[in-house]
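Here's the structure we're looking at; comments come further down.
Residue numbers (the working numbering): 2 to 156.
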């Protein structure tokens, strides 16, 4: 397992993913299987819209289950105590850029939420901030050009 396969997850996100896997395995997929079986019993499958929709739904559910199981096989739990004083996955960095103070929490790609300031460790800003310390200045290439982010605080 290489670092490229690791999915960084908070405890909350891990719990949600485990719940989603459980729901898919124990409710969604069995319910779709029942729909497929009922549609098969209606006879001619070539013109049976319910059958074709149920097959598409099953394909989606099985694909989603495989995706979630792969994440759960390759995750690392984010803890706030990792790398104190250095920006890392799970850290919240308070930065100053272009005279504006912003706050970014570095999370894995599964948890990004720009409205909350949650950015991926794989994003340009996340990548630049990781490993930085308080008072460090990091350069980030953006579509608008290069920006300098000064780390004010690490939480």
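From the three backbone atoms N, C-alpha and C, an ideal C-beta is built for every residue, glycine too.
Could you tell me how far apart the beta carbons of residue i and residue j are, in whole angstroms, since I believe they sit closer than 8 angstroms?
i	j	result
residue 134	residue 107	Wrong, their Cβ atoms sit about 14 angstroms apart, outside the cutoff.
residue 148	residue 98	6 angstroms
If we call anything under 8 angstroms between Cβ atoms a contact, is residue i one with residue j?
i	j	result
residue 52	residue 33	no
residue 62	residue 10	no
residue 78	residue 18	no
residue 120	residue 127	yes
residue 87	residue 122	no
residue 111	residue 42	no
residue 40	residue 27	no
Alpha carbon to alpha carbon, how far is residue i from residue j?
i	j	result
residue 44	residue 56	15 angstroms
residue 3	residue 47	Interpretation of residue 3 is limited by its pLDDT of 39, a score under 50 that renders its predicted location unreliable; the figure taken from the coordinates is listed afterwards. Roughly 46 angstroms between the two C-alpha positions.
residue 155	residue 141	18 angstroms
residue 118	residue 150	15 angstroms
residue 130	residue 13	23 angstroms
residue 75	residue 105	24 angstroms
residue 60	residue 116	32 angstroms
residue 21	residue 80	22 angstroms
residue 138	residue 144	19 angstroms
residue 93	residue 16	21 angstroms
residue 6	residue 103	29 angstroms
residue 64	residue 113	21 angstroms
residue 71	residue 54	26 angstroms
residue 29	residue 67	14 angstroms
residue 146	residue 124	16 angstroms
Who pairs with residue i in a beta bridge, going by DSSP?
i	result
residue 146	143
residue 97	102, 151
residue 88	In DSSP, residue 88 forms no bridge with anything.
residue 114	119
residue 9	77
residue 108	121
Tell me, please, whether the CB atom of residue i is closer than 8 angstroms to any CB atom in chain C?
i	result
residue 123	Within the model displayed, chain C is absent; a lone protein chain is all it includes.
Those runs of the beta strand (DSSP E) which lie wholly inside the region 117 to 142 and span at least 3 residues: 119 to 121
Runs of alpha helix (DSSP H) lying entirely within the region 12 to 72, each at least 4 residues, in chain order: 12 to 24, 30 to 41
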